[in-house]
Amino acid sequence: MATEINKETRGFETEAKQLLKLMIHSLYSNKEVFLRELISNASDAADKLRFEALSRPDIYEDDTDLKVVIDFDAEAGTVSISDNGIGMSREDVISNLGTIARSGTAQFLEALSGDQKKDSQLIGQFGVGFYSAFIVADSVEVLTRKAGASVSEGVHWASSGESDYTIESTEKTTRGTTVILHLREDSREFADSFRLKQIVKKYADHIAIPVMMPKPAEKDAEDAESTEQKPEFEAVNDAKALWTRPRSDVKPDEYEEFYKHISHDYEKPLGWSHNKVEGKLEYTSLLYVPTRAPFDLWNRDGVRGLKLYVQRVFIMDQAEQFLPLYLRFIKGVVDSNDISLNVSREILQKDPAVDSMRSALTKRALDMLSKLKKDDKDKYATFWREFGQVLKEGPGEDFSNRENISKLLMFNSTHAESKGQDQSLEDYIARMKPDQEKIYYLIADSEKAAKNSPHLEIFRKKGIEVLLMTDRIDEWLMSHLNEFDGKSLQDVTRGELDLGKLDDEAEKAEQEKREETFKPLLERVKTALGERIKESRVSHRLTDSPACLALDDDDMGAQMRRIMEASGQPVPETKPIFELNPDHPLIGKLEQEQDEERFADLISLLFDQASLADGNELEDPARFSRQLNKLLLELCD
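Under our numbering, think of the first position of the sequence shown as 1462, with each following residue one higher.
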């Protein structure tokens, strides 16, 4: 029966047009990425066929020898990349090759830097790798048939990368996909055996299926005029899964290229851990720490996880069950002998072997980060800059590994040599004063606000180091991190400050005396401010500022309040404690003020000033402005 042609011309979407224009006119400084991406797609198609065949072995169609075949015609200027993987139906072709915004196009376009080489390397990371073909080709054809479909259900797709493409039915005897590139004049270098093999060795040596290319022709005088023989093909890559090889046999650059293959990242990883476990459970893992955060790092519901293989058979791309959410940036592969080949995501969640592997892989990932921190401070600083805030989710999510995670945390500090977030809790403890019993920290909205906080005044006077925390997640982190190495952690803005043995007896006696002496003033302050404060008291924190705001021990801080408000959650009402510095001349003058109305205005101004110093928004800016203007007029008279 004749095949129904069913040919139609369809237009690309707007973002697809933008992307194609970029491929054709801009990303030409690193052209060879096209072959890396097309081989990677072919390898993925083979993996998907293997997985599908677990439940439908008939889709192999008596061809279980999976491979990628690269051929070329120097005279015609064409290169073809073929696979016998899962293939595509007509609907798949329209969805995958015509509607590409869903694959990350918008994010890709937003991530462009203007640097051609860097931008071309981003292609795979955003799932738009097929379109790299247009970097070297002025037209592209795709012939494909989905595994298990009839010969007449083949599809032919063609485009010159402009505004539209054609799609029609065709007969295709073999399953899988062939991509034919009609090279531009300035890209004909790729229709060459040596050049293609060079790229395959660079990018695809580690792929677990063979990449086949024509053998060099061997002619002698007698055969010179003989009829052209059909070329023989040979594997030009190693074609052995890298993680199955002994660590001693794998070179660093091979580990790095394999990382780029599985992650679609263009940068080398910061580090990796390759491990084989034997015994009650048998599995192999290869974990990587990336150099750069992906664009969707903060989407906690986004795609993540390790590539899962069972007995060398690919099962799924993002198996999130093997690592906790706070390690979602870790990339890699896990290959198990103890999980069913017919596994699904739902079965993984209930498998006790998975729980054991998750525990061990989490520890291995943390050990890998610990080693990186110990061995290479510069690389760890890069890691912390990119992923530190994600790791801070750990203490609240993983109680059993809280101590190990805590050792990896980095903070800013009042320590003279601190340069940004480069101080660990262990660094802090090593510098603690002999009688110091607590680790002190301060949470603020910015580094500048933290360093200028009045709450640090007594600590500076006594030379006590304070950790400065300015990330949005810090208050949530510290609510789950109460102690480290036997030392409790103390927020310097909470409760009545008690420095323990760091205060001598004379200072404590003087503090008690001041509290008694200033009781009448504190009562006047409470009366004047009313419901705006929980209480007023003499401060032990201040040496230079007249006043500050403190929190009660169990009150929610401003940082956490803002996070909850932004997410639409109800926020409990809290009132600050207003602390006064009795040694400040302004407080002495306030104590002598007899006019209660003027006293109330001045105290209100002082309260708002302390609130601003804490980085808070004023409850009533108009009142603050009115009272300040009134005071200025009095001073001018």
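For every residue, glycine included, the Cβ atom is placed at its ideal position computed from N, Cα and C. In this text the structure is predicted, and so the values were computed from the model without any measurement.
#### Entry: Neighbourhood of Val1612 by C-beta, 6 Å cutoff - its chain only, sequence neighbours within 5 removed
Glu1632 and Thr1634
### Query
Under a three-way DSSP split, which group does Asn1557 fall into?
helix
### Query
What are the start and end residues of the alpha helix (DSSP H) that includes Asn1502?
Element bounds for Asn1502: Val1494 to Ala1514.
#### Entry: Under 8 Å between C-beta atoms of Val1851 and Arg1789
yes
### Message
Here's a check: name, in chain order, each residue in its chain whose Cβ is nearer than 7 Å to the Cβ of Asp1524, leaving out the five neighbours to either side.
### Response
Taking C-beta separations shorter than 7 Å and ignoring five residues to either side along the sequence, the partners of Asp1524 in its chain run Asn1545, following chain order.
### Message
Whole angstroms are fine: how far does the CA of Phe1719 sit from the CA of Asp1796?
### Response
15 Å
### Query
Is Thr1978 buried or exposed, if buried means 16 or more other CB atoms sit within 10 Å of its CB?
Using a 10 angstroms sphere on the CB of Thr1978, the tally of other CB atoms stays under 16, which defines it as exposed.
### Secondary structure of Phe1860, DSSP reduced to three states
helix
### Task
Drop a sphere of 10 angstroms on the beta-carbon of Asp2056, count the other beta-carbons inside from all chains shown, and report buried for 16 or more, exposed for fewer.
Classification for Asp2056: exposed.
### Message
I need the boundaries of the beta strand (DSSP E) containing Val1771, first residue and last residue.
### Response
Leu1767 to Val1771
### Message
Within 10 Å of its beta-carbon, does Glu2095 have 16 or more other beta-carbons around it, so buried, or fewer, so exposed?
### Response
exposed
### Task
Per DSSP, which residues does Gly1615 bridge with? Please list them.
Bridge partners of Gly1615: Thr1631.
### Task
Please go through the same chain and pick out, in chain order, the residues whose beta-carbon is closer than 7 Å to the beta-carbon of Lys1528, but skip the five residues on each side of it.
Asn1545, Ile1670, Pro1671 and Met1673
#### Entry: Exposure label - Leu1481; buried when at least 16 CB within 10 Å
buried
### Task
Could you tell me whether the Cβ atoms of Asn1865 and Thr1931 are closer together than 8 Å?
no
### Message
Nearer than 7 Å: is that true of the beta carbon of Met1930 relative to any heavy atom of the ligand GTP?
### Response
Ligands in the displayed structure: none, and consequently the ligand GTP is not present.
### Query
By Cβ distance below 6 Å, which residues in the same chain neighbour Gln1582 in space, the five residues on each side in sequence not counted?
Reliability fails at Gln1582, whose pLDDT of 47 lies under 50, so the model's placement of it is uncertain and no value is given.
### Message
Within 10 Å of its beta-carbon, does Gly1991 have 16 or more other beta-carbons around it, so buried, or fewer, so exposed?
### Response
With fewer than 16 Cβ atoms within 10 Å of its Cβ, Gly1991 is classed as exposed.
### Query
Does the stretch 1807-1814 touch the stretch 1844-1858, meaning 3 or more C-beta pairs lie closer than 8 Å?
no
#### Entry: Distance between beta carbons of Pro2033 and Glu2017, contact taken as under 8 Å
It is worth fixing the name first, because residue 2017 is Met in this sequence and not Glu. Yes, they are in contact, since the Cβ atoms of Met2017 and Pro2033 sit about 6 Å apart, within 8 Å.
### Query
With a CB to CB cut of under 6 Å and the five nearest residues on each side skipped, what residues in its chain are close to Leu1958?
His2001 and Arg2002
### Query
Measuring CB to CB, does Pro2007 end up less than 8 Å from Leu2067?
Cβ distance < 8 Å, so Pro2007 and Leu2067 count as in contact.
### Task
Quick one: residues in its chain with C-beta nearer than 8 Å to the C-beta of Val1661, no 5 flanking neighbours on either side, listed in chain order?
Leu1496, Ile1500, Ile1531, Val1672, Met1674, Val1697 and Asn1698
### Query
Straight-line CA distance for Ala2027 to Arg1933?
Ala2027 and Arg1933: Cα-Cα distance of roughly 12 Å.
### Query
Taking the alpha-carbon positions, what's the Pro1730 to Glu1493 distance?
21 Å
### Message
Which same chain residues end up closer than 6 Å to Ser1907 when comparing Cβ atoms and leaving out the 5 residues on each side of it in sequence?
### Response
Thr1931
### Where Leu1784 sits in the DSSP three-state scheme
Residue state, collapsed to three classes: coil.
### Query
Which residues mark the beginning and the end of the beta strand (DSSP E) in which Thr1605 is found?
Ala1598 to Arg1606
### Task
Go ahead and label Trp1759 buried or exposed: buried means 16 or more other beta carbons lie within 10 angstroms of its beta carbon, across all protein chains shown.
Trp1759 is exposed by the Cβ-count criterion.
### Query
Skipping 5 residues on each side, what residues in its chain have a beta carbon closer than 6 Å to that of Arg2084?
none
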